[in-house]
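Q:
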Amino acid sequence: MRRWGTLLGLAAVAALFVVPLVASSFWTYLLSEVVIWAFVAVSFTLVYSYANILSFAQGSLFGFAAYAVAILNNRYGLPLAWAVPSAVVATVALGALLG
């Protein structure tokens, strides 16, 4: 059973890389939104179910990263391929600073 779960997970990740090649930009955008919000939901679920606390750190760091991407892309004209990793690095640094 464990092997099927691993294979299913690998197939899902492979499908995420194939969708932009075969689908329209609308479906690619929609899938990326779903994946992003799924990661946010899973992070809240993990913290709440294991620690039994409601932490606002994930939401605030998610908001900081989204704001950083928007500022880097819109104000400074940085392409998304550079803005997203830069925002991730800045968010990790902020998270480490805040503890």
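Note that the sequence shown covers residues 404 to 502 in our numbering. C-beta atoms are modelled at their ideal positions from N, C-alpha and C, and glycine is treated no differently.
1. State the start and end residues of the unbroken alpha helix (DSSP H) segment that holds Ser427.
2. Please name the residue, chosen from Ser452, Ser458, Trp440 and Leu464, that lies closest to Val492 on a Cα-to-Cα basis.
3. Taking the C-alpha atoms as reference points, what is the distance between Val443 and Arg405?
4. Determine contact between the segment 448–460 and the segment 471–486, defined as no fewer than three beta-carbon pairs at a distance below 8 Å.
5. Determine the extent of the alpha helix (DSSP H) in which Gly462 is found, giving its start and end residues.
6. Under the three-state reduction of DSSP, which class applies to Tyr453: helix, strand or coil?
7. Taking 9 Å as the threshold (C-beta atoms), are Ala426 and Leu419 in contact?
A: On the basis of the supplied data:
1. No alpha helix (DSSP H) holds Ser427; DSSP gives it neither H nor E.
2. Across the set Ser452, Ser458, Trp440 and Leu464, the C-alpha of Leu464 shows the shortest separation from the C-alpha of Val492.
3. For the pair Val443 and Arg405, the Cα-to-Cα distance works out to about 25 Å.
4. As far as the Cβ criterion goes, the segment 448–460 does not touch the segment 471–486, which means the pair count is below three.
5. First-last of the alpha helix (DSSP H) with Gly462: Ala460 to Ala473.
6. Note: Tyr453 maps to helix in three-state DSSP.
7. no
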